[in-house]
Structures are given as structure tokens and as C-alpha cells.
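Comments concern the structure below.
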Amino acid sequence: MVDANVTLEVSGGVGTIRLDRPPMNALDTALQDRLRELAEEAGRRDDVRAVILYGGEKVFAAGADIKEMLGLDHTAMVLRSRALQESFSAVARIPKPVVAAVTGYALGGGCELALCADFRIAADNAKLGQPEILLGLIPGAGGTQRLARLIGPSRAKDLIFTGRQVRADEALTLGLVDRVVPAADVYDEAHAWAAKLAQGPALALRAAKESVDLGLETDLESGLAIERNWFAGLFATEDRERGMRSFVAEGPGKAKFL
74 MVDANVTLEV SGGVGTIRLD RPPMNALDTA LQDRLRELAE EAGRRDDVRA
124 VILYGGEKVF AAGADIKEML GLDHTAMVLR SRALQESFSA VARIPKPVVA
174 AVTGYALGGG CELALCADFR IAADNAKLGQ PEILLGLIPG AGGTQRLARL
224 IGPSRAKDLI FTGRQVRADE ALTLGLVDRV VPAADVYDEA HAWAAKLAQG
274 PALALRAAKE SVDLGLETDL ESGLAIERNW FAGLFATEDR ERGMRSFVAE
324 GPGKAKFL
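Following my numbering, the numbering of the sequence shown begins with 74 at its first residue and continues without gaps.
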């Protein structure tokens, strides 16, 4: 499936959403809209159990298409900004494990897209940042919100206020990425992570992701209620019965889930 330079390829339970708009994977409106469609499709498809976000061997995404944005006035961006955020939120809402395989530049919208993943594996030559302030703007695809939630408000403000780029080692220290590997190994590492989780209990993984994500948006008591409801609900699933019976009969970690 190819449209607007974004593809979804599925193999072995792993769906790879690939950005392919050379040379820098600039995120124009057509790409944003197609990204939302493919994220929603990945969420619906039973043969997709984990997802990789990937921009190719050289670059993840260097940000929005500035030439396109230059032609937009206030009225146009009022109308467009919601669709922009919804495209990225669709990725964040995929009810399955999502890993970003970050190579080269992940700047502006590219960094914001990586923030939508559950886990980020970066190349040792990767550079990440939110340089919108250098254009007289602020991040508009979730950067002010997701970045602060991930690395804390003061560190997020440093990156957003200065617009500076951080290399992979600093990104790891900040908690902006979760693992740094040689550039040639990024996709393989991401695929190994996704493939392992694709063999896990799909509904329990969905419950875990929703419990963490929704719990972060509310108070502790409400978060505990979300967890409690999912925890009890999983006792109605075949995966729960399969997992517990396997544990009793064979010990931990031996269950095979459908």
C-alpha cells in the first residue's frame, strides 16, 4: 500500500509504518493525513500485533514541510492545526506496542512523531530536537505536551526554548530515547523488540498501554480505577487462562499466546 510517501508493510505480526519522502521525510499535509490513516489501519488489523515507525536508513524525519507552511496564514493554520495533531495522536493511540527506529535527524515534527511511540531506539548518529522556536513558533504536533511528560518540564523547556539539537548519547541521558545502537542495527533492533511483543497476549498488552497512558492524564485514584477495571476484565480472556495454566504446569515465561 503506497500513498503520499507512507507505507504499511506487515510480516510476522509486525507492521512497519515507513516514511519515504526523500531527501528528509518532510512531513507535508498529504503525508500527515496518510500517516493517520495507516495508524488507524494498524490499530484495526488483527495481523498487526506490534508496530515500528521508521524513516529509512538515513533520516527519520527532519520536520514539517516549511515551504508548504510558509504559504499558510493564520486562518489556514487554525483549520490545519487540529488535523496535524490528530495525525500524530492517531499514532499515539495505536492500541499495540509501538517502537520508533530513529536514524539521522528527528527534528520538529519528526521528534514529535517519535514521542508518539512507546519505546525509542536511536542510531548512534541520531540528532533530535524541537527547533520550532528558531522559526518564531512552538511545537504544534504535541511536542510541548508529550516531551514534558516524557523527560520532565524543565528539560523539555530547555530543548523547546533553545531549539537546540541533542545527539543520541545526550538524548539517552535525558530519557528522550531508550536505547542507542550502531546506525546499521537500528531497524533490526526495533524489529526484534516488536517481534518479541507480537508474540505476547494482545489484549493484556493493550490493557497495559491504556492503563499507563490514561493514568498519566488523571489523578492517582482514577488511574487505579482504570488499572483495576482492566485487571479484572482480563480474567475473562483466553490468554489469561492460557498464561496461568502454563505457569502452573511449566513455570514462568513458557506460555504461547494466539
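The C-beta atom is built at its ideal place from N, Cα and C for all residues, glycine as well.
Using the rule of at least 16 other Cβ atoms within 10 Å of the residue's Cβ for burial, across every protein chain shown, is H147 buried or exposed?
-> Residue numbering aside, residue 147 sits at position 74 when the sequence shown is read from its first letter. H147 is exposed by the Cβ-count criterion.
Of the residues K329, E243, Y260, which one's Cα is nearest the Cα of N314?
-> In the sequence shown, residue 314 corresponds to position 241, counting from 1. The question names Asn, but residue 314 is Glu in the sequence shown. Minimum Cα distance to E314 is reached at K329.
Contact check, Q190 vs T176 under 8 Å by CB: the rounded distance?
-> Taking the sequence shown and counting its residues from 1, the one referred to as residue 190 is at position 117. Taking the sequence shown and counting its residues from 1, the one referred to as residue 176 is at position 103. Per the sequence presented here, residue 190 reads as Ala, with Gln not at that position. No, A190 and T176 are not in contact; Cβ-Cβ is about 14 Å, not under 8 Å.
Grouping DSSP H, G and I as helix and E and B as strand, with all else coil, what is R91?
-> Stepping through the sequence shown from its first residue, residue 91 is reached at position 18. R91: strand per DSSP, three-state reduction.
Do you know whose CA, among E290, L297, A280, T291, lies nearest G306's CA?
-> As a working note, residue 306 is residue 233 in the sequence shown. The shortest C-alpha separation from G306 is found at A280.
Using CA coordinates, which residue listed in A199, K169, A256, A267 is at the minimum distance from V239?
-> What you label residue 239 is simply residue 166 of the sequence shown in a count that begins at 1. Comparing Cα-Cα distances from V239 to each of A199, K169, A256, A267, the minimum goes to A199.
Determine which residues share a DSSP beta bridge with Q202 and list them.
-> By one-based count along the sequence shown, residue 202 stands at place 129. In the sequence as presented, Gln is not what sits at residue 202; that position holds Gly. G202 pairs with L180, Q238.
Can we say the stretch 82–101 touches the stretch 116–135, given the rule of at least three CB pairs closer than 8 Å?
-> yes
Decide if the stretch 287–300 is in contact with the stretch 138–157; the criterion is three or more beta carbon pairs, one per stretch, under 8 Å apart.
-> no
So what does L100 bridge to, in DSSP terms?
-> Here residue 100 refers to the residue found at position 27 of the sequence shown. DSSP output for L100 lists A137 as bridge partner(s).
Looking at the structure shown, is A187 part of a helix, part of a strand, or coil, going by DSSP?
-> Numbered from its first residue, the sequence shown carries residue 187 at position 114. Residue state, collapsed to three classes: helix.
Mind checking P212: buried by the 16 CB within 10 Å criterion, or exposed?
-> The residue labelled residue 212 in the question sits at position 139 within the sequence shown. Under this definition P212 is a buried residue.
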